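Take a look at the structure below.
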Amino acid sequence: GNSVTQMEGPVTLSEEAFLTINCTYTATGYPSLFWYVQYPGEGLQLLLKATKADDKGSNKGFEATYRKETTSFHLEKGSVQVSDSAVYFCALSDQTGANNLFFGTGTRLTVIP
Amino acid sequence: DGGITQSPKYLFRKEGQNVTLSCEQNLNHDAMYWYRQDPGQGLRLIYYSQIVNDFQKGDIAEGYSVSREKKESFPLTVTSAQKNPTAFYLCASSWTGKSYEQYFGPGTRLTVT
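Chains A and B, in that order, are what the protein sequence lines are.
Residue numbering for the first sequence follows our numbering, beginning at 445 and increasing consecutively.
Residue numbering for the second sequence follows our numbering, beginning at 2 and increasing consecutively.
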C-alpha cells in the first residue's frame with residue numbers, strides 16, 4: 445500500500461539555520477511526491493513537487509529531490525526565517541488516476557529570532 | 002481570483018444534529034476531496050469525487066455524506082452517526098489524472114458539544 449513517514453517534530457531552529465525534514469515513502473509504482481505547508485488556522489499550500497525519479501522540486505528557497513533508490517523526498521532549506529514557522533506535510537499521490545494524496549503526520553517547525 | 006472557498010470558518014453544533022459544510026471552487030477542476038485533520042495528525046480522506054454526480058468513499062467515510070450536483074460545489078454533511086465530529090475539515094480540488102497537485106481551501110473548524 446501507499447504510506448508516508450515523516451520525521452517527528454517539533455523542530456525548533458534559530459534564524460538562518462539549515463533545515464532538513466526527512467520524508468520516506470512506500471508506494472506501488474511511481475508516485476508523484478509533494479511538500480505542503482500549513483500556517484496556523486489555515487488550509488494547506490503546495491510548497492513544491494516532483495513527479496519522477498531524480499526530479500528536484502524547489503520554491504521559496506526550499507528544495508527536495510525525488511530519490512527512488514532510497515524512497516525519500518527530504519525537504520531542505522539553507523537559511524530559515526521566522527516566517528517559515530509552520531507545519532510541513534510530505535505527501536504522495538497514487539497512480540490510479542484518482543489522484544488521491546497520502547499524507548505524513550506533519551512536522552511542526554518553529555524558527556526563533 | 003480563482004480558488005476554493007469554505008464556509009463558515011468556525012461552526013458550533015450540539016450533539017445529535019446534522020451539519021453541512023460548504024465547499025465551492027472556481028478553478029474548473031473536475032475532482033474534489035474532503036479531508037479531516039485532528040491535532041498532531043495528518044489528513045485523512047473522507048470522500049472524493051472525480052466527476053459530477055459521482056463520488057467515492059475514502060478511508061473514514063462512516064458518519065459522513067456528500068453530494069456533487071454541480072462541478073463547482075461539493076458539500077459535506079456530518080451526521081449524528083459520526084462519533085467524534087469535532088475536527089478541522091479541509092476541502093480540496095484538482096485536475097484529474099496523475100501527478101496533479103491538490104489545491105486546498107482555508108478549512109472549517111467544527112466543534113460539537
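Here a beta-carbon is modelled for each residue, glycine too, at the ideal position from N, C-alpha and C.
Owing to the predicted nature of the structure, the values given are computational and were not obtained by experimental measurement.
Which same chain residues, not among the five before or five after residue i, have their C-beta less than 8 Å away from its C-beta?
i, result
"Thr80/B", "Asn19, Gly64, Tyr65 and Ser66"
"Glu507/A", "Leu492, Lys500, Gly501, Leu519, Glu520 and Lys521"
"Gly17/B", "Ser81"
"Lys15/B", "Val113 and Thr114"
Using a Cβ-Cβ cut-off of 6 Å (strictly less than) and excluding sequence neighbours within five positions of residue i, which residues of its own chain qualify?
i, result
"Gly473/A", "Gln539"
"Lys512/A", "Ala497"
"Tyr34/B", "Tyr49 and Ala93"
"Thr470/A", "Ser447"
When DSSP labels each residue in this structure, what does residue i get in the three-state scheme?
i, result
"Val67/B", "strand"
"Val524/A", "coil"
"Ala93/B", "strand"
"Tyr474/A", "coil"
"Ala542/A", "coil"
"Ile61/B", "coil"
"Lys500/A", "strand"
"Phe462/A", "coil"
"Gln83/B", "coil"
"Gln7/B", "strand"
"Ser447/A", "strand"
"Thr549/A", "coil"
"Tyr480/A", "strand"
The beta strand (DSSP E) with residue i in it runs from where to where?
i, result
"Val53/B", "Careful: Val53/B lies outside any beta strand (DSSP E) and carries neither H nor E."
"Arg110/B", "Thr109 to Val113"
"Glu25/B", "Val20 to Gln26"
"Tyr36/B", "Ala32 to Gln38"
"Thr515/A", "Note, Thr515/A: premise wrong, no beta strand (DSSP E); not H, not E."
"Thr495/A", "Element bounds for Thr495/A: n/a, residue is neither H nor E."
"Tyr532/A", "Ala530 to Ser537"
"Glu507/A", "Phe506 to Thr509"
Using a 10 Å radius around the Cβ and a threshold of 16 neighbouring Cβ atoms, would you call residue i buried or exposed?
i, result
"Gln57/B", "exposed"
"Thr6/B", "exposed"
"Gly487/A", "buried"
"Gln525/A", "exposed"
"Tyr11/B", "exposed"
Quiz item: Of the residues that make up the stretch 82-108 of chain B, which ones have a beta carbon closer than 9 Å to any beta carbon in chain A?
Solution: Phe89, Leu91, Cys92, Ala93, Ser95, Trp96, Thr97, Gly98, Lys99, Ser100, Tyr101, Glu102, Gln103, Tyr104, Phe105, Gly106, Pro107 and Gly108
Quiz item: What are the residues of the stretch 54-71 of chain B that lie near chain A, defined by any Cβ-Cβ distance shorter than 8 Å?
Solution: Gln57 and Gly59
Quiz item: In chain order, what residues of the stretch 488-505 of chain A put their CB closer than 8 Å to some CB of chain B?
Solution: Leu488, Gln489, Leu490, Lys493 and Thr495
Exercise. Taking only beta carbons into account, state which residues of the stretch 545-556 of chain A come closer than 7 Å to chain B, listed in chain order.
Key: Leu545, Phe547, Gly548, Thr549 and Gly550
Self-check item: chain B contacts from the stretch 459-486 of chain A (Cβ-Cβ distance under 7 Å)
Solution: Ser476, Phe478 and Glu486
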